[in-house]
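Going by the working numbering, the letters in the sequence shown line up with residues 1376 to 1609, in that order.
Quick reminder that beta carbons are idealized off the backbone N, C-alpha and C, glycines included.
Quick caveat, the model's predicted, so the values are computed rather than measured.
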Amino acid sequence: LACGGQEQAQVKDRTVKVSGVWAFATVTVVLILTLGYWGISALETAENIIRPERKVTIDSIIYSTIGELKKESKIVVMTGEVNLSVKRSHTKFFSRLNLGTTAVEVLVPKNKIQYVIPTDAISEESFRWNDETGEVSIEIPTPVIDEEIVEIQSNPELIKVKKDIGWGRLESRSGEFLERQIRRDLRSLVIEEGKSNLFMLEQAKKNAQEVIRELFEKFMRKESLEVPVETFVN
């Protein structure tokens, strides 16, 4: 009986010890979960405090960027070079007699145009701040040709004129009208070529995005802020 009592005491003692261990483990887990919850809550609270402050800073950077852009009516993003080859012809009749066709080709290299973005097309609505991703997106107007500044080649040594005179035309005068007509239209032809040149247009769009993004990032650095910036052309 004494031995049986001792065994029961040992079992009871082990049970108490095991129960104590489980109780300690349970308290530890609860403590970890509690600390984790409060840690997450603290981080969320800190983030909720930081976000409004960051939004205020972003707004300030946006206003600074717009203010800098508005100092000029337009921003030059690229200078393009247009090489023209213009051909025109005219057929002359005398009564029903075909006197032939005179064709004139004028080669005019290295004409200059500028692609610009008008700053009046940029406003606060052009900038968007994504509170979830922390990303700023900037909508940029499509670059256009500044039709006020078009440089037509003026060096006569670089301008080439080719004439194919109709068989019944006077050699000395034939083709002069066509040549004058082409020279008169050079400016509008250069602008037209610049508007239809897809390669130059795409390059101007890339340049415009780079110019605006660099300006925005310059003001971010002044505020010691770094967030992703996405630009796109509307």
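Output needed for residue i: all residues of its chain with C-beta closer than 6 angstroms, excluding positions within five of it in sequence on either side, in chain order.
i	result
Gly1509	Val1602
Arg1588	Val1604, Thr1606
Leu1376	Residue placement at Leu1376 is poorly supported in this model, since its pLDDT is 46, which falls under 50; the coordinates still yield a value, given next. There are no such residues.
Lys1535	Leu1482
Lys1537	Glu1480
Ser1464	Thr1476, Ala1478
Taking the Cβ atom as the reference point for each residue, do residue i and residue j lie within a distance shorter than 8 angstroms?
i	j	result
Ile1436	Leu1444	no
Ile1540	Thr1477	yes
Ile1488	Val1457	yes
Val1483	Leu1561	yes
Val1525	Val1565	yes
Glu1598	Thr1432	yes
Which residues does DSSP pair with residue i in a beta bridge?
i	result
Ile1520	Tyr1490
Phe1552	Answer is none; Phe1552 lacks a bridge partner.
Val1608	Ile1515
Glu1526	Lys1487
Val1431	DSSP, once it has assigned bridges, lists no residue as partnering Val1431.
Asp1539	Ala1478
Any heavy atom of the ligand GTP closer than 7 angstroms to the Cβ of residue i?
i	result
Ile1450	Absence of the ligand GTP from the depicted structure is noted, as is the absence of any ligand whatsoever, leaving it without description.
So, at 7 angstroms on beta carbons, what are the nonlocal neighbours of residue i in its own chain, with the 5 sequence-adjacent residues on each side left out?
i	result
Gln1528	Val1483, Pro1484, Lys1485, Asn1486, Ile1534
Glu1447	Thr1494
Keeping to the same chain, check which residues put their C-beta closer than 8 angstroms to that of residue i; ignore five residues upstream and five downstream.
i	result
Thr1440	Phe1502, Ile1587, Leu1590, Phe1591, Phe1594
Asn1609	Glu1514, Ile1515, Pro1516, Thr1517
Closer than 8 angstroms is the cut-off here; do at least three beta carbon pairs connect the region 1515-1523 with the region 1482-1496? yes
Return the chain-ordered ranges of every beta strand (DSSP E) run that is complete within the region 1441-1514 and spans a minimum of 3 residues. 1449-1469, 1472-1493, 1502-1505
Take every Cβ of the region 1499-1509, pair it with every Cβ of the region 1571-1578, and state whether three or more of those distances are shorter than 8 angstroms. no
Mind listing, in chain order, the continuous beta strand (DSSP E) runs of no fewer than 3 residues lying wholly within the region 1571-1603? none
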